[in-house]
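Participant:
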Amino acid sequence: MPHSPRSDARDNRERILAVARTTFAERGLDVAMREIARRAGVGPATLYRHFPTKEVLVTEAFRERMTACTAVVDEGLADPDPWRGFRLVIEAVCEMRARDRGFTAAFASAYPRAIDFTADRERALGKAAELARRAKAVGKLRPDFVLDDLIMVLMANGGIRTASPAAAVAASRRFAALLIQGMRADPAGPPLPPPVRLPQAVVT
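To convert, note that position 174 of the sequence shown is 174 in full-length UniProt numbering; the numbers rise steadily by one, no gaps.
1) Between which residues of its own chain and L141 is the CB-CB distance below 7 Å, once the five residues before and five after are set aside?
2) The alpha helix (DSSP H) with L88 in it runs from where to where?
3) Mapping the DSSP letters down to three states, classify R27 as helix, strand or coil.
4) Would you kindly check if the distance between the Cβ of L179 and the Cβ of C94 is under 9 Å?
5) Using C-beta distances below 8 Å, list every residue in its chain close to V19, excluding the 5 sequence neighbours before and after it, in chain order.
6) Indicate the three-state DSSP secondary structure (helix, strand or coil) for L192 in the structure shown.
7) Can M155 and A106 be called in contact, C-beta distance under 9 Å?
8) Is DSSP giving R123 helix, strand or coil here?
9) Mind pulling the alpha helix (DSSP H) runs of 4 or more residues that sit fully within the UniProt domain "HTH tetR-type" (10 to 69)?
10) Exposed or buried, what is S7 when buried is set at 16 or more other beta-carbons lying within 10 Å of its beta-carbon?
11) To the nearest angstrom, report how far apart E47 and D144 are at their CA atoms.
12) Is it true that the CB of V73 sits closer than 9 Å to the CB of A32?
13) Let me know if T102 comes out buried or exposed under the rule of 16 or more other beta-carbons within 10 Å of its beta-carbon.
14) Grab the span of the alpha helix (DSSP H) containing F175 for me, first residue to last.
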């Protein structure tokens, strides 16, 4: 049976989203909309009919990833050992960044500014702040850790460049292990320099 116009439109939308997820994961958010359309095999008019702005496309492309990110933080909060839960979150966000450049760029910056994405992002950061508070309360996380340090972790992890995705994940795991060692309250070493407030990382 031939596809109806409605099913064709749905197929186009899903194909655009699939291409956007793959392309953003590989190359980050700087990919042009026309490149997304070309890779998806649709015209620019079709792309913009489904996603009027790049912000809308990014938000839709990363909706499931945002849900997965929040689920990781929830898993950390559910762990009866706050330090173990905190380590799980650091390891998971680093690996997520190694696998998907675009999502972390969207999460750690002001882009996209869509209300639903921003609300989910702030909710995830708020839960991460609560997990950090618990880890400090049991004396495992160094007391001078602030939430902006987590944003710096994402940014620094984004600087890892390797020859293959598998190598990126392996390097990210080592990076996370080094960070976790530095975040331990005992031995914490000398106090850290004063924290720096990072753009879009404000969560009280």
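The beta carbon of each residue, even a glycine, is placed where N, CA and C say it ideally should be.
As the structure is a prediction and not an experimental result, all values here were calculated from the model.
Facilitator: Result, derived from the coordinates:
1) W83, F86, A132, A135, M183, A185
2) 82 to 99
3) helix
4) yes
5) I36, R39, A40
6) coil
7) no
8) helix
9) 33 to 40, 44 to 50, 54 to 61
10) exposed
11) This sequence places Leu at residue 47; Glu is not what is there. The straight-line gap from Cα to Cα measures roughly 47 Å.
12) no
13) At residue 102 the sequence reads Gly, which differs from the Thr that was named. Buried, since its Cβ has 16 or more Cβ neighbours within 10 Å.
14) 165 to 183
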